[in-house]
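Engineer:
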Amino acid sequence: MANKNSLPLHEKNWYKHNYKRVTDSLLLILLLLLLGYRVISFNSYSFPCWFVAFLCETWFTISWFLTLITQWSPAVVKTYPDRLLQSVRELPAVDLFVTTADPVLEPPIITVNTVLSLLALDYPANKLACYVSDDGCSPLTFYALQEASKFAKFWVPFCKKYEVQVRAPFRYFSDKLEVSTTNNTPEFNQEWSQMKDMYDNLSRKIELASGESNPCHGQFPAFSNTERTNHPSIIQVIWENKEQLADGLPHLIYISREKRPKQPHHFKAGAMNVLTRVSGLITNAPFTLNVDCDMIVNNPTVILHALCILLDPKGEKEVAFAQFLQQFYATLKDDPFGNQMAILFKFMVTGLAGLQGPFYGGTNCFHRRKVLYGLSPYNSEKGNSISEKELKQKFGASKEIMNSAAYALEGRTNSPNDINISNVVDVANQVAACGYESGTGWGKQVGWIYGSVTEDVLTGLTIHEKGWRSELCTPSPIPFTGFAPGGGPTTMTQQKRWATGLLEIFFCKHSPIIGTLFRKLTLRQCLAYMWIINWGLQPVVEVCYACLIAYCIVTNSNFLPQDLGICIPVALVIIYKVYTISEYLVEGLSIRAWWNNQRMSRITSINAGFCAFLSVLLKLLRISETVFEITKKDLPTAKDVGDDTDIGRYTFDESLIFLPGTTILLLQLTGMIIKLLGLQPPMPTQNGIHCGLGEIFCSVYLIICYWPFLRGLFETGKYRIPLSTIYKSIILVCLFLHLCRKIIIS
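Counting from 28, one number per residue, gives the positions in the sequence shown under my numbering.
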């Protein structure tokens, strides 16, 4: 506990972007004027064109209003670790969670580097325990972690002795030799070379094991006769800090929960709940940090910064979790895939920090265990007491889990002398069984919440609905760095999963609207959640708008004004483009990076977002269920990739995720060919208005946005759109033209 008479451990400062507020408001006014023009000029357009345009532009207006509300009052938090160390008698324990699910899509060497960076944190080792969840039940991953623990005995002391900042070996050794007044010594150079040789040897061992069909070599009987989706629970203590040494190595524990073919496992949320239960039995730390397997520590004091928020007297009463940004290393020049999200983090996430708090992002987040166990701020203040019956109903029949949950809810912690890991492994295997959660509150009332493939946002939403706040923590240097996915298929898979999960949240009982009406979610926080859920709904509107453009060109009709009203959309486009360019330039980014993000926002939305909408629609119709698709992770070079154009080129596969974009591109090309060849029907006699320059400009803009797809029609290999996708798109275009022809005839 922090000394309540001490200085605040963190300070939150709100600030104003007056220029941004004025511009955002001006754009909203222009959107409202456009809607007003639509209403008063109803008779100047054919009803189908007017109706579709009005609906789409109404949605764009709502979407921009949500954006404006979310980023209206940004805030930043400054933390004071020095004050923390002076004000607390004893630092609390922290459990570290790392999740991996597939040794092919998520190579073990990536997980190893993340784990090594966590083991080397600047925090007493006897207060840390690292739990690795392997949902792929891979003996290769276990072998890699076992070898990594041997290397860690040398790596961790080396990092702390020389105050290394980047404590993931592959990243550290790929940079130039660290030279400083303290490190530029023969002793350091010799140890550096030794450590690099040891890491290279570790990498070779893992690489050789990866190439073998059976990496166990009979060493690991627990993995015999196991399949990825059909195996018992496996919990192995790789390293135990038996002497409870503050300068030793933290506990390192491998967990692969039980999986059976006909038993639901709830994807990552289920794995996180198993981690919570197993860690509750062994260490039961009051705080947890979870990271994805590719998120390495870039700031070794990150725990102290988080605790400045969570242990502050005010934070103890109000803050449930501290979220750190997802930021990236080995970035491609000018962000060709538009997934580094620099501007999004700069404005939207800080805007959320000024409300009830940032969303839970699924990684780089410190949670209070008692909040994950369902505690509300009201119960926290009055003192929580829970009956044995309620403990059993929520946490299951295991007496050990019930006791550890009661400890956590009451704010008590286990004494290090009480921990005997070997004695609780058998019980831990039982609570990691796939049937343990049946009839309990796991996934419903406690732990990570089930019902969405974006379990992180859903879990954070349920916490906010209880009345808790969250805080954004942005210390310097950057606390965590990961690798942004590259290539078309990888990026689209990730974006589709996000959009699918967000739509699932909108249609579930934890919808933000319900949270505001019947729970304790603030109105502006509700609107902020609606802004992010808009990622799953906006693609439908964008597809309709893109089809409307092609329809108007093919049928020689219009949806844009051909009188002075055209000034409104022209002003909208010009102001918005200049405004967004200025944001990139102010942040030191290039105009090319701005354009890459502009075009990729169209490509991602219409492809990944629209496919996500169809997936959720099929789920609502009970035709099929949504699936958690793992994002492929490749170990990049540690340095920025730079000018390699092949790395930044767009790639395709035979997934249906590229069908919407290919169809939209062919629609626009078909419309332009019809226009150029003069195959449009004659000018309507009703109002004398026909397809004008506005529609042509919009179509050309979409074609330019889809330049990677246009190239993909003529490229070879992985850079080419598969013929099967092209054929399907041609069929859809023919059906669209047939529909246009019937409308013209009628």
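Glycine is no exception: its CB is placed at the ideal position from the N, C-alpha and C atoms.
What you are looking at is a predicted structure, and each value in this text was computed from that prediction instead of being measured.
Just to confirm my understanding: we take Leu62, look at its own chain, exclude 5 residues before and 5 after, and list those with CB closer than 8 Å. What are they?
Structural biologist: Here the question's residue 62 lines up with position 35 in the sequence shown. Excluding positions up to five away in sequence, the list reads Phe81, Glu84, Thr85, Thr88.
Engineer: Flag this pair as yes or no: are the beta carbons of Ser651 and Leu645 separated by less than 7 Å?
Structural biologist: For the purposes of this step, residue 651 is taken as the residue at position 624 of the sequence shown. For the purposes of this step, residue 645 is taken as the residue at position 618 of the sequence shown. Cβ distance < 7 Å, so Ser651 and Leu645 count as in contact.
Engineer: Check whether the region 573-580 and the region 720-727 touch, using three or more Cβ-Cβ pairs below 8 Å as the test.
Structural biologist: These segments touch.
Engineer: Do Leu316 and Phe393 count as a contact pair if the criterion is CB distance below 7 Å?
Structural biologist: Reading the sequence shown from its first residue, position 366 is the one you call residue 393. Reading the sequence shown from its first residue, position 289 is the one you call residue 316. Contact flag set, yes.
Engineer: With a cut-off of 8 Å, do at least 3 Cβ pairs link the region 589-599 to the region 523-536?
Structural biologist: Because the criterion of three Cβ pairs below 8 Å is not met, the region 589-599 and the region 523-536 do not touch.
Engineer: Suppose you measure from the CA of Thr486 to the CA of Gly474; what does that come to, to the nearest Å?
Structural biologist: If you number the sequence shown from 1, residue 486 lands on position 459. If you number the sequence shown from 1, residue 474 lands on position 447. Looking at the two C-alpha atoms, the distance is approximately 8 Å.
Engineer: In angstroms, rounded to a whole number, what distance separates the CA positions of Phe74 and Leu764?
Structural biologist: Residue numbering aside, residue 74 sits at position 47 when the sequence shown is read from its first letter. Residue numbering aside, residue 764 sits at position 737 when the sequence shown is read from its first letter. Computed Cα separation, rounded: 19 Å.
Engineer: Can you name the residues that DSSP bridges to Cys500?
Structural biologist: One-based indexing of the sequence shown puts residue 500 at position 473. In the DSSP output, where bridge partners are listed per residue, Cys500 has Phe351.
Engineer: Measure from the alpha carbon of Val142 to the alpha carbon of each residue in Asn300, Leu276, Val480, Tyr189, then state which is nearest.
Structural biologist: Translated into the one-based positions of the sequence shown, residue 142 becomes position 115. Of the candidates Asn300, Leu276, Val480, Tyr189, the one whose C-alpha sits nearest the C-alpha of Val142 is Leu276.
Engineer: Quick check for students: name the residue ranges of the alpha helix (DSSP H) that lie wholly in the region 279-337, counting only runs of 4 or more.
Structural biologist: Counting only runs of 4 or more, we get 294-309, 329-337.
Engineer: Let me make sure I understand the geometry here. Which of Tyr746, Pro134, Gly438, Tyr46 has the alpha-carbon closest to that of Leu235?
Structural biologist: Translated into positions along the sequence shown, residue 235 becomes position 208. Closest option to Leu235, Cα to Cα, is Pro134.
Engineer: Residues bridged to Ala156 by DSSP?
Structural biologist: Indexing the sequence shown from 1 puts residue 156 at position 129. Paired residue(s): Asp122, His278.
Engineer: In three-state terms, what does DSSP make of Phe4?
Structural biologist: For the chain, the structure presents residues 28 to 773; residue 4 sits outside this window and is missing.
Engineer: Would you list the one or two residues that DSSP bridges to Arg395?
Structural biologist: Residue 395 sits at position 368 when you count from the first residue of the sequence shown. Answer is Phe314.
Engineer: Report back the beta-carbon spacing between Arg546 and Glu492 to the nearest angstrom; my notes put them in contact at under 8 Å.
Structural biologist: The residue you call residue 546 lines up with position 519 of the sequence shown. The residue you call residue 492 lines up with position 465 of the sequence shown. 4 Å between Cβ atoms; contact.
Engineer: Taking all protein chains shown into account, decide if Ile772 is buried (16 or more other Cβ within 10 angstroms of its Cβ) or exposed.
Structural biologist: Sequence index remark: in the sequence shown, residue 772 carries index 745 (1-based). Exposed.
Engineer: Can you list the alpha helix (DSSP H) stretches of 4 or more residues lying completely in the region 535-568, in chain order?
Structural biologist: The qualifying runs are 539-545.
Engineer: With DSSP run on the structure shown, which of helix, strand or coil describes His44?
Structural biologist: In the sequence shown, counting from the first residue as 1, residue 44 sits at position 17. The answer is coil: DSSP assigns His44 none of H, G, I, E or B.
Engineer: Would you check if there are 3 or more beta carbon pairs closer than 8 Å linking the region 375-389 to the region 745-763?
Structural biologist: The region 375-389, when compared against the region 745-763, does not touch it at the 8 Å Cβ threshold.
Engineer: Which partner residues does Ile532 have in the DSSP bridge list?
Structural biologist: Numbered from 1 along the sequence shown, position 505 holds the residue referred to as residue 532. Answer is none; Ile532 lacks a bridge partner.
Engineer: My understanding is that Thr678 touches Pro516, with C-beta atoms under 8 Å, so please give their C-beta distance in whole angstroms.
Structural biologist: Here residue 678 refers to the residue found at position 651 when the sequence shown is read from its first residue. Here residue 516 refers to the residue found at position 489 when the sequence shown is read from its first residue. Going by Cβ atoms, the distance from Thr678 to Pro516 rounds to 6 Å, so yes, they are a contact pair.
Engineer: Buried or exposed: which applies to Leu204, given that a residue is buried once 16 or more other Cβ atoms fall within 10 Å of its Cβ?
Structural biologist: As a position in the sequence shown, residue 204 is number 177, starting the count at 1. Reliability fails at Leu204, whose pLDDT of 44 lies under 50, so the model's placement of it is uncertain and no value is given.
Engineer: Work out the CA separation of Ile309 and Leu436 for me, nearest whole Å.
Structural biologist: Taking the sequence shown and counting its residues from 1, one reaches residue 436 at position 409. Taking the sequence shown and counting its residues from 1, one reaches residue 309 at position 282. Cα to Cα, the separation comes out at about 16 Å.
Engineer: What are the boundary residues of the beta strand (DSSP E) that Ala836 is part of?
Structural biologist: Residue numbering for the chain in the displayed model covers 28 to 773; residue 836 lies beyond these limits and cannot be assessed.
Engineer: Mind checking Phe741: buried by the 16 CB within 10 Å criterion, or exposed?
Structural biologist: If you number the sequence shown from 1, residue 741 lands on position 714. It counts as exposed.
Engineer: Residues in its own chain within less than 6 Å of Leu694 by CB, not counting five upstream and five downstream?
Structural biologist: Position 667 of the sequence shown, counted from the first residue, corresponds to residue 694. Result list for Leu694: Ala577, Val760, in chain order.
Engineer: Would you report the Cα separation of Gln472 and Ser465, rounded to the nearest angstrom?
Structural biologist: The residue given as residue 472 occupies position 445 in the sequence shown. The residue given as residue 465 occupies position 438 in the sequence shown. C-alpha separation (whole angstroms): 13 Å.
Engineer: State the DSSP-derived secondary structure class of Phe507, mapped to helix, strand or coil.
Structural biologist: Here residue 507 corresponds to residue number 480 of the sequence shown, with the count starting at 1. Phe507: strand per DSSP, three-state reduction.
Engineer: At the level of alpha carbons, what is the spacing between Ser609 and Ser230?
Structural biologist: Position 582 of the sequence shown, counting from 1, holds the residue named residue 609. Position 203 of the sequence shown, counting from 1, holds the residue named residue 230. Straight-line Cα distance between these residues: approximately 44 Å.
Engineer: Return the chain-ordered ranges of every alpha helix (DSSP H) run that is complete within the region 403-476 and spans a minimum of 4 residues.
Structural biologist: List check, alpha helix (DSSP H) in window: 404-409, 415-422, 426-436, 448-458.
Engineer: Would you mind sorting Leu302 into buried or exposed? The rule is 16 or more other CB atoms within 10 Å of its CB.
Structural biologist: Against the sequence shown, residue 302 aligns to sequence position 275. The residue in question, Leu302, is buried, as its Cβ has 16 or more Cβ neighbours within 10 Å.
Engineer: Does the contact criterion of 3 or more C-beta pairs under 8 Å hold for the region 261-270 versus the region 163-179?
Structural biologist: With the cut-off at 8 Å, the region 261-270 and the region 163-179 touch.
Engineer: In angstroms with no decimal places, state the Cα-to-Cα distance between Lys188 and Asn140.
Structural biologist: For this step, residue 188 is matched to residue 161 along the sequence shown. For this step, residue 140 is matched to residue 113 along the sequence shown. In a straight line, the C-alpha of Lys188 is about 19 Å away from that of Asn140.
Engineer: Just the Cα atoms here: how many angstroms apart are Pro101 and Trp41?
Structural biologist: Position 74 of the sequence shown, counting from 1, holds the residue named residue 101. Position 14 of the sequence shown, counting from 1, holds the residue named residue 41. Taking the straight line joining both Cα atoms gives about 6 Å.
Engineer: Look at the alpha carbon of Cys461 and the alpha carbon of Ser425, and state the distance between them as a whole number of angstroms.
Structural biologist: Numbered from its first residue, the sequence shown carries residue 461 at position 434. Numbered from its first residue, the sequence shown carries residue 425 at position 398. Distance between the alpha carbons of Cys461 and Ser425 is about 14 Å.
Engineer: Would you decide whether Asn391 is buried or exposed? Buried here means 16 or more other CB atoms lie within 10 Å of its CB.
Structural biologist: As a first step, residue 391 is located in the sequence shown; it is residue number 364 there, counting from the start. With 16 or more other Cβ atoms within 10 Å, it is buried.
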